[in-house]
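Here's the structure we're looking at; comments come further down.
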Amino acid sequence: MTQTAHTFSSIHHPGEMSLALVVARAQAQPVALALIAVMVATLPAVLQGEPVLGTVVWVAPLAYGVAAAWSLYELRRKPAELIVRGGFGTMRSVWDVARSRDSFDAERIRLHPLFEPGKKDGLMHIGLGDTVFTLRPAEWPRYTELLATLRQAAAALQSLSST
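This is how it looks when you write it as structure tokens:
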């Protein structure tokens, strides 16, 4: 018997955007800030007549690389979609959603045990497998429905383990 999967999308969900556009948008601000920092740091030396070309030639690509890597890391850890089926669920990142849009099969996704949501420091936390996620109401448009579904899923898992 297959149970119905409930899917909840966060405000970070890429929708129909291509992976290339998602990555480009994610990299715009970090790369811009990194390169502005390089320019601001070299400006005083240039104004004093110091040679900076040699330094800028290796610092600018390094700053770009670090900023680009950071933005990809953020895409992989930022939650975009929560799928709940029975007492199990999975959190898909923005990267996961944008990358596997065409080949995604909700029936073949790897699910983890879902544990009772708990509140700490005013934020709701859920356990999925061995990972804890923080759910912020501002990031989940259907937050109340999401919490109700998570509680039902945790109760379903608890009933499975007690039999």
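So the sequence shown is numbered by this note's numbering: it starts at 5 and just counts up by one.
We put the beta carbon where it would ideally sit given N, CA and C, even for glycine.
Please read all numbers here as calculations on a predicted model, not as lab measurements.
So the beta strand (DSSP E) residue i belongs to, where does it begin and stop?
i: Glu-120; result: 116 to 124
i: Gly-58; result: Looking at the DSSP string, Gly-58 is not in any beta strand (DSSP E); the run it does join, the alpha helix (DSSP H), is 57 to 81.
i: Arg-180; result: Absent from the model: residue 180. The displayed extent of the chain is 5 to 167, so no value can be given.
i: Ile-130; result: 127 to 132
i: Thr-138; result: 135 to 139
How many Å lie between residue i and residue j at the Cα?
i: Ser-97; j: Leu-127; result: 20 Å
i: Ala-64; j: Glu-143; result: 34 Å
i: Leu-150; j: Phe-12; result: 7 Å
i: Ala-30; j: Ser-75; result: 6 Å
i: Leu-164; j: Met-43; result: 60 Å
Would you mind reading off the limits of the alpha helix (DSSP H) that contains residue i?
i: Val-27; result: 23 to 51
Out of the options, state which residue places its alpha-carbon closest to the alpha-carbon of residue i.
i: Val-60; options: His-129, Leu-154, Ile-40, Ser-75; result: Ile-40
i: Leu-35; options: Val-70, Ala-84, Ala-45; result: First, the amino acid is wrong: residue 35 is Val here, not Leu. When each option's Cα is compared against that of Val-35, the closest is Val-70.
i: Lys-123; options: Met-21, Ala-49, Thr-138, Leu-161; result: Thr-138
i: Leu-161; options: His-17, Arg-80, Tyr-68, Glu-120; result: Glu-120
i: Ile-113; options: Ile-87, Val-136, Glu-78; result: Ile-87
i: Thr-8; options: Gly-131, Phe-92, Trp-99; result: Phe-92
When DSSP labels each residue in this structure, what does residue i get in the three-state scheme?
i: Ser-14; result: coil
i: Glu-20; result: coil
i: Met-5; result: Confidence at Met-5 is low in this model, with a pLDDT of 48, below 50, so its placement is unreliable and no value can be given for it.
i: Arg-155; result: helix
i: Glu-149; result: helix
i: Glu-143; result: helix
Measure the beta-carbon distance from residue i to residue j and round it to whole angstroms, keeping in mind my assumption that it falls under 8 Å.
i: Gly-90; j: Ala-159; result: Actually they are not in contact, since the Cβ atoms of Gly-90 and Ala-159 sit about 11 Å apart, beyond 8 Å.
i: Lys-82; j: His-129; result: Rounded, the Cβ-Cβ distance is 17 Å, inconsistent with contact.
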